[in-house]
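Residue numbers (the working numbering), protein chains in the order written: chain H, 4 to 449; chain L, 498 to 1385; chain P, 63 to 231. Only one structure is covered here, and it is reproduced in the block below.
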Amino acid sequence: MTPKSTAAAPSERGPLLFKDIDTPGLTSIETYRKGGGYRAVAEVVGKKAPEECIEIVKASGLRGRGGAGFPTGLKWSFVPKDSPKPRYLVCNADESEPGTFKDRELMEKNPHLLVEGMVLSAWAIKANTGYIYLRGEFDYIQTILDRAIAEAREASWVGENVAGSGWRFELYTHLGAGAYICGEETALLSSLEGYRGQPRLKPPFPAVEGLYACPTVVNNTETLMNVPHILHHGAQWYRQWGTEKSAGTKILSVSGPVKRPGNYEVPLGMPLSQLINDLCGGMRDGLKVKAVIPGGSSVPLLPASMLDTGLDYESMNAAGTFLGSGGVIVIDDQTCIVDALYNITRFYEHESCGKCTPCREGTYWMSEVFERLESGHGREHDIDLLLDVADNINGKSFCALGDAAAMPVQGAIKHFRDEFEYHVTHKRCAVNRRRAEIDEAQVVPA
Amino acid sequence: MSANVKVHINGRAIEVPAGTLVTDAAHMAEVHVPIFCSHSKLPPLGACRICVVEIGMPKLGPDRKPVMAADGTPEIAWMPKVQTGCTTTVADGMHVRTESPVAVKARKGVMEFLLVNHPLDCPVCDEGGECQLQDLAFAFGQDFSRMDEAKRTFDSEDLGPVVKKEANRCIVCMRCVRYCDEVMGDDALTAHQRGVWTEISSFNRQPLECEQCGNCVEVCPVGALTALPYRFKARPWDLRQHVTICPYCSNGCSVRLGVRGDEVLRARGTEFRGVNQEFLCVRGRFGYEFINRSDRLSAPLIRVGDALSPSTFDEAVALASHRLREIAAVNGPESVAFLGGEKLNVEEQYLFQKLARAVVRTPHVDARTRFSARVSGQAILSATGGGRPALSWEELFEAQEVLVLGDDLQGEGPLAQAVIIRGQHQAGLHITVAHPRRVKLAREKFRGDWLGFRPGSELALLHALTRAALEGGVPAEAPDVVKAPLGGLRETLSAWTPERVRAETGVEMAAIAAAAGRLRAASRKAILFGRAFTEHPQAVALLQAIENLGWASGALTEARSSIMYVGPQNNSQGALDMGLTPDVLPGYVALDDVAGRQRFEQQWGGALPAAGLSATEILDSAAEGKIKALWIVSDHWLRSAPDRARAEQALARAELVIVNDLFLTETAARAHVVFPVASFAEKEGVVVNSERRLQKSARALPPRRGTRADWEVFQAVAQALGARWSYRTAEDVFREIARLVPTYQGRLWATLLPDGVVWSETRVAPAVSTPTETRPPEADGLALLSGGILFLQGSLSHRSELLPRLAKEAFAALHPDEAVRLGVSAGDALELEGPAGQITLPVALDASVPAGSVFVPYAYAAVELNRLGLRSRAPRVTARRAAALAAV
Amino acid sequence: MSHAPVMPVEAPPRIEWPAERRPEIEAALARYPNKRSAVLPVLWIAQRQWGWISPAAMRLVAETVELPEPEVFGIATFYTMFNLQPVGRHHLQVCMTLSCSLMGADRLFRHLERRLGIGHGQTTPDRRYTLRRVECLAACGGGPCMQVNFDYHENLDERKVDALLETLA
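Below, the structure is given as structure tokens:
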């Protein structure tokens, strides 16, 4: 029995994907349909041309919600029009970016929206088979999704003859087994094909040669779950939220010592400070914000002084970071930045697939340097060494995991070099709430 | 001809073929871009990142025309990130910078990362001195290290008797794993764990289940994988390295022997040279040990009474020549026979038959001691297209359809097998294997087709294939002279109905027709055959049937041949070319070709005898006492002769037996004169492989004291017999060959390096033969299957330390159902009986052996298959459970 | 002549799928156009059956999806969730990544170490618990989080985790 994932409970969870997400019984198809579910399938499949669907999604401005932010309609349009090979749609539900837990809640509570999103997206790219690649820990989510797919199959929203259109779409779930790298789309496809989950050369891009060397579109869960709304209401309707270049809503996953951590769906462009201070109720326990990682551990942090940056792709880029997956990790003023980056760097070392030299060796090296800094054996040149090692990884590795390991280090040193220098000169953290708490841990009576 | 593309490397413009990788284009521009994970036999990986360079294309304006800079050159839009040169194909107009600050920093960074966990093992690492990491670190790295953290470490492992793994040194280039998968088809290595803890190993760290070829060691760019037999023996700068041609099979691999003093310490591939480059099989790589053995013969031996006692070379020559002259005078020259020579160099083969024919004047010369039928010296040439331009191993790689007839290439031609496997993985090659057992190439993972024909039905299979091939009519590319006969053949073969095919071969006609259809349809194809057919009692009919199939399927055309003979020994082809066959002179001049024969008679002085007896006829004739003198070279005749009892009789009855060998084999022990000869590595000479490629094998070390090259022995005896031979070197002999022998005319030793020269000259007219009738399938006993295996080939391999160990124990393999029927289990003693005797071997269970047969590889020292007295290779034996295994 | 530790020479034994697993395996194989794609689901079935992926299980999986054994060895060891050794009845996987760490995961882990008397990767002698540090579980808003086998438990502290352990037999 898995307790439901906790989330703070403001009166309305969000404008679109979270609007009715806490409706009791939403996981069953009857309840889902009552709320308008599968109407888009009835309207589109067999009725609207796939090319038209692609144009609508393009016009909506929907961008990949997994981290890269690539325009979704554009990605769909890369599938060759006249390829005789079968096409595949793959949902990237590998959600492993630290700080991110939105897809989990979405799938747990509203699985049919994902099914519907996949049916419609597959129709648009003329795919007949779809896979939902779930991270291995999401075993219970797989059960929920399998049940929803079975219900959808019974109602002919999935299967041999979708909505009487004659078009066939088979949808399967697939469970990973514990590898962050499988969130990278080509590594995901490697894993799905039954190989070690290591990324592959691009080009060819998956849209041209992906799963089984066939045209494949890989989209994030949240991205796909926007599609039914967009195809039902239209592109302009979707643009009522967000900015010109970052249209629509985004679910931010907020963690750290805020009063109300959890998933929040907001219009793109809302200032980060509003999210943290208003929706999340600000910091607890008298703590203050020192820094915030806005888009999952792979993106550089923002110091508290830059908290007003808008939660959209462009504003974050301008601030020297990325919106990424929307995993907002709030770091308080009693936490050591060096300690935090040590934690993050170790994560990338553990998750490095080992294929390429810079990431495999570089993440190990950076971790070792961080360990020395943390344990009081740091040296003067270690800080510039970290910067240089990070620079030698960034842009040189086979895939983005290397960049993801390097950029946070560069960002942290840029904004908090003084903390690093403190470690060198004083051989300890300036503040470290976490370490103090460990020492306080009660001794269990025998 | 692919279109050329213009690229700029560091500002220098060059033209390269379209599809060239940036790293190769740089190489062509004489710019060195380092590589580790990249390998010519493997698809691009882009993992190590050492080859990163800056790449840019001319900026295009809105009018799609290049934007020009102030100085009139196009402005370049450089890609924001460096790119791996080994995964990037050139594009027209591309610019590449390998020495810009960005490129240099990136490369130095990667170099530094490679040395983060790589230990400073150089003083204790075998790779030192020939290590790519050392060399590239020196060229492209820095001379200090900023990394002083603890390094991650692994335990070192022996992955079996051949491969030593020091995982600390591994740079995870994955060459070993990929090579084992894509080229060897063994999939024995894997990377396990991930990240810095990625470790290469075998399944569950058990000894590798593979061909033990050591190619993983060869391609490893660092000392992570090294060869156990060579461990700690020498430094590369201590070694003199020479490229010889492997003494085992007829693939013709170049083997780079490393010699220190008078000892051969190791063998390696040659990276860019030869037909094999980096590839060697386990025999080529580790089978040199016999050269170093202390029990090599070092003095000639002369029979005195019952024993052989050492003598001098002059004494031995005098005795041999005296006795030869005596016996020839009393009984006629036809009482002397010359046997063996498939492992000699071409120069020696030439002199052997010249000694026989022109000095002793006997017609009985045959190198092919294993043959059981009388096969003409031209028959194999006919079957392979008469001398038309032949297939190279490179062309085999590009074939669309390959048919392997009857042989297990794993034992007969490991390079050919590897070429086919890599072709299947990388170039869309489709394999069809016709073999009673499901041999390696027939395994499902290679996605080919397997025609598992009943042993003894080889001829029926060929007829069925030819019939099916002719369903599509007579091929247009066939020579005119065979077109009409092919039409007639089609008529005759219509008797091969599907029912008859099934009844005789056990294979469905549909499968055979599909195979034939694929051959017909393929524009690039190959058929390979070997000793399974040439040593067969129906060899003559089989070779004719192969030629028929060749014309019918288009594998033979007017212009060229795609049929290869994979001979059993390294110079089987040379023996045929040099006329070590009783009916043909060097260059395939028939003995009844008056004009051709006259040329030789003029040069050699005197009339030449007519056609003589074949090896199997010599065997019988000598056993009956009609042939009284035998000279046996490069052959352990007691093991190779089809009937051991007869061979023992022959040796016992003969008044003179001369043997040239490296060791005192059982055959040599029964001789009257034994000449100790040099090994392949101790003499220079030419060897001809299955491609008909002449390659010069270098002399890697001087002959063992007391030994001479075979040709020197022949000359000494010839001179003692009065011949006016005056060859000073083997090259002198080759010059004579190049003057006299068709297909070799005009060749020069000097041009035979580095990659040799393939001869092609049509010597035999195309023929379509009337299909020989097949014999009805037999039912008594079990069919005896035999054949070559990978780890052992010939008596020289028995003298290696490693190879017999890898081969393990001899066995008789039965299908599990057959074992049940016979009432035996694995390990029980099984007695196999033939007309002349029996042998007993332990049972092994093997589901790839068809029921109704028993598979006994003959290459084990303990297996003396010819004791059974069977004169064919698909014979029947009676098998029964024996009380105990015979003491070996 | 080497100084290598002795490597296992014996091949692992052959084991078979229990009959009741066959339908699951067939269903897994049917979801993909080739057999090798089913290697992860089949490995999961093996782990559900035997609790861990032994070398014998790797052999069986290799045979089932028609892959070479070394390749399955490489795949099974790539992913962290396949147990390469037997584990206790309750596999306690505590997330240690930044968000949970900020909320006290390190302290929680230290508590568990002391209470159970085992460290990371170890199993209690009664085979009841195995304790491991893991990376982000996608429960960051509810940290500290611990996955027990497949069940998520969030917002933990010492008291709550002690209560939880009591319910795990």
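Think of the CB as a built atom: it goes at the ideal place given N, C-alpha and C, for glycine as much as any other residue.
Chain P has no Cβ within less than 8 Å of the Cβ of L:F783.
Out of L:L1365, L:V549 and L:T1269, the CA that lies nearest to the CA of L:E1044 is found in L:T1269.
The residue among L:R1318, L:N1363 and L:P1354 with its C-alpha nearest the C-alpha of L:R1378 is L:R1318.
Contact annotation: L:V659 and L:L725 have beta-carbon atoms nearer than 8 Å. For L:C667, no CB of chain H lies under 8 Å from its own CB, so it is not counted at the interface with that chain. Rounded to whole angstroms, the Cβ separation of H:K293 and H:I334 is 5 Å, and the two are in contact under 8 Å.
When Cβ-Cβ separations below 8 Å define contact, H:V48 makes no contact with chain L. Listed in chain order, the non-local C-beta contacts of L:R728 below 7 Å within the same chain comprise D623 and K661, local neighbours out to five positions each way being set aside. Under a criterion of Cβ atoms nearer than 9 Å, the residues of chain L adjacent to H:G398 are, in order, P577, K578, V579 and A603. From the listed residues H:R42, H:S99 and H:P53, the smallest Cα separation to H:G69 is found for H:S99. In the DSSP assignment, L:H524 falls within the unbroken alpha helix (DSSP H) covering V519 to M525. Within chain P, no C-beta atom comes less than 8 Å from the C-beta of L:F1030; the nearest is roughly 32 Å away.
Rounded to the nearest angstrom, the Cβ distance from L:Q923 to L:P514 is 18 Å, too far for a contact under 8 Å. It is roughly 22 Å from the alpha-carbon of H:C402 to the alpha-carbon of L:P598. Looking at the DSSP output, L:T1375 sits in a beta bridge with L:E1330. In the DSSP assignment, the residues bridged to L:S806 are L:I799.
Among the CB atoms of chain P, one or more fall inside 8 Å of the CB of L:D684. The beta carbon of H:P87 sits no closer than 8 Å to any beta carbon of chain L.
Neighbours of P:R169 in chain H, taken as residues at a C-beta separation under 9 Å, are given in chain order as R437, E440, I441, D442, E443 and A444. Taking 8 Å as the CB threshold, H:D142 lines the interface with chain P. Here the region 1086-1097 of chain L makes no contact with the region 795-804 of chain L; the two share fewer than three CB pairs at distances below 8 Å.
With fewer than three CB-CB distances shorter than 8 Å, the region 634-644 of chain L does not count as touching the region 701-711 of chain L. Burial of L:K1180 is indicated by the presence of at least 16 other C-beta atoms within 10 angstroms of its C-beta. Straight-line spacing of the CA atoms in L:Q1035 and L:I877 works out to 13 Å. At a cut-off of 8 Å between C-beta atoms, H:R171 does not count as an interface residue with respect to chain L. Within chain P, C198, A200 and C202 have C-beta atoms less than 9 Å from the C-beta of H:T103, given in sequence order. Under the Cβ distance rule, H:F73 does not count among the residues neighbouring chain L, no pair being separated by less than 8 Å. Going by DSSP, L:R753 is part of the beta strand (DSSP E) stretching over S751 to R757. Contact of H:C356 with chain L by beta-carbon distance below 9 Å involves R691, G692 and T695. Beta-bridge pairing by DSSP links L:P514 to L:N501. With a cutoff of 8 Å on beta-carbon distance, P:P95 and H:Y215 are scored as near each other. If you draw a straight line from the Cα of L:F1211 to the Cα of L:P1083, it comes to about 17 Å. The Cβ atoms of H:Y351 and H:T338 lie no closer than 8 Å to each other.
In its chain, beyond the 5 residues on either side, A1333, G1334, R1364 and G1366 have a beta carbon closer than 8 Å to the beta carbon of L:A1142. The three-state secondary structure of L:P1173, taken from DSSP, is strand. Shown in chain order are the members of the region 90-104 of chain P whose Cβ falls below 9 Å from a Cβ of chain H: R93, Y94, P95, N96, K97, R98, S99, A100, V101, L102 and P103.
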